[in-house]
Structure formats: structure tokens, C-alpha cells
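> Please see the structure below; I have some questions.
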Amino acid sequence: MTVIDVRSILVVGGRRFVSAPVSAKFGMVVIAAYVLAALLAPHLTPYGEAEIVGTQFEPWSSKFWLGTDNLGRDMLTRLAFGARNTIGIALLTTCLAFSIGAFAGLAAATFAGWLDQILARLVDVLMSIPQLIFALLLLSIFGTSVSALVVVIALLDSTRVFRLSRAVAINVAVLDYVEAARLRGEGATWIMTREILPNIAPTLVAEFGLRFCFVFLLISALSFLGLGIQPPTADWGSMVRDSATLISYGDITPLLPAGAIALLAVAVNLVVDWLLHSASGLHDA
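Count along the sequence shown from 1, add 8, and you get the number used in our numbering.
In C-alpha cells form, the structure reads like this:
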């Protein structure tokens, strides 16, 4: 990519940011802050991720701005590293879930017939089991490593992506221009990627944001229950669990990682709503 291309991308991105509504701007600023905290965590924090620097549950002070946790680790440091771990794993899991679910949904809508029936029934079976309970069962069997966590949650969440992508793709697959492409002799890959996918992209973009939030919250819930991201790796869900006893004493420290989870979920939804609105052309109406 040349300097001119980078400059053009920055100009277009700047114009879109300026023209965005206040809610979308707020969401983009929050997401940018989270991304910077995740990328620069080792440089922004005074201590190591798992370094014990004091006694347990020390109060907020000039040395420990947000106090310490149950093992004497700096809470501010753990929050920054938690952004890297929780967001990074959630994003990777969501991308994998979409790769599986969207491709399967497009294939089911394009080929129809027995392939559609087999995939649809398989997804119905998987979705009939509560996701959290199923995830707890699978993780207790296959272990709680990061790779197992990503694969298990991605497979379970891909069922939701499959249902949506199949539903919207079926409506597009019967339109005249898709039939014309079939009559021209275009292959299934061409039809899926060049005819159907561009016309369902806005819906998938909105679903990606929602799926990211659900995956993000599911990983945090699993970590809170002890089957998600394992210590000493920093994670917002386990941070809430480790400092939950402080709530009984009126300390708001456990609310910090919980607030970080909620704020990111709200910010992502604000940006996704704006992207869906823009991509659908409603802003021109």
C-alpha cells in the first residue's frame, strides 16, 4: 500500500467520522481507547500483568491508583492487560464463528436441497441446548485452554450466524439477477461471493457487532465461573469474581471491570447501528 493510498484512507475515514452522529462518535472514541489500552498495555502500566506489588485489597492511593486485588496485584495494570486478553480473544472467536456460520449459511441457501436440510437440522439440535450450559460441559471435557475456549465458543456461536445468514441469503438467492447468473453458467462460489454476499453484507455487519458483544459477555461469564480465561492471565470476568467480596464493604472496585465490559458493549452497538444505517442507504432518505 502506497503513501497516497494510506492518505486517502485517512481522509475518507476522517470525513466519515466528522459526518457521523454523536452516538457513533462516542462509540468510536471508546473503542479506540480500548484498542490503544490493549495494544500499549505493557507501556502504559507501571507493573507486570501478574506481578504481586502489595498486600491484598489495598485502597486507592497515589501508588495504586485503583488499589490492589485479592493477591496484591495492581488493579489498573490488570484492567489494561484485561482489555488485551478479553477483547483479543473475543474478536478472534467472533471472526472464527462468522467464518464458519456465514459460509455454511451461504452454502445452504445457494445449494438448497439435502445440504440445506442437513445443516439446518444440525443447527436446530445444537441451538436447542442452552449455550452457557453447553459451553460449560464442553470446556469441562476438553479443558480450559485459550484454544479450546476459542474453538468451543466459535462453534456454538456459529449456529446463530448460520441461521441469520441462511435466512437473508435465501431471500436473495431467488431474485432475478441471481437466476440470471445461474443461467450464464456462473459457479456456486461466484454466486455466493459476488451476487448474494454483497447484498446481505449490511445485515451481517450488524450481526457481527452483536455477536462480538455476546461472545465478549460469554467469555467474561465463563471466566467469572472459573472456566474461561485462566489465571494468572488478566481477564475482566475473573477480576469481578476475585474482588466481589469488596462490594459488601461499599467498595466500588469490583464495578470497574464490570463497567469496562458494559461500556465496550454499548460502544460497539452504537457504532454497528450507525454502520448499518449508512450501509442500508437510510441516511440518504
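From the three backbone atoms N, C-alpha and C, an ideal C-beta is built for every residue, glycine too.
Please name the residue in Arg92, Met83, His285, Ala58 whose C-alpha comes closest to that of Leu212.
In this structure, His285 is the residue among Arg92, Met83, His285, Ala58 with its C-alpha nearest to the C-alpha of Leu212.
> Does the segment 80-89 touch the segment 52-65, meaning 3 or more C-beta pairs lie closer than 8 Å?
yes
> Can you pull the DSSP bridge partners for Ile60?
Arg81
> Smallest Cα separation from Ser155: which of Leu104, Gly75, Gly121?
Checking every option, the nearest Cα to that of Ser155 belongs to Leu104.
> Quick one: what's Thr76 bridged to in DSSP?
Asp82
> So, using beta-carbon positions, are Leu157 and Leu145 closer together than 8 Å?
no
> Under a Cβ-count criterion, where at least 16 other Cβ atoms within 10 Å of its own Cβ denotes burial, should Trp244 be classed as buried or exposed?
buried
> Taking all protein chains shown into account, decide if Ile255 is buried (16 or more other Cβ within 10 angstroms of its Cβ) or exposed.
So Ile255 ends up on the exposed side.
> In whole angstroms, what separates the C-alpha of Gln125 from that of Cys221?
29 Å
> According to DSSP, simplified to helix, strand and coil, what is Leu235?
coil
> If we count the other Cβ atoms within 10 Å of its Cβ and call it buried at 16 or more, is Phe150 buried or exposed?
exposed
> Using 8 Å for Cβ pairs, my map puts Ile108 next to Ala46. What's the rounded Cβ distance?
The Cβ separation is near 25 Å, so there is no contact.
> Anyone know if the C-beta pair for Asn93 and Ser251 falls short of 8 Å?
no
> Considering only C-alpha positions, which residue in the set Leu272, Ala266, Ile260 is nearest to Glu66?
Ile260
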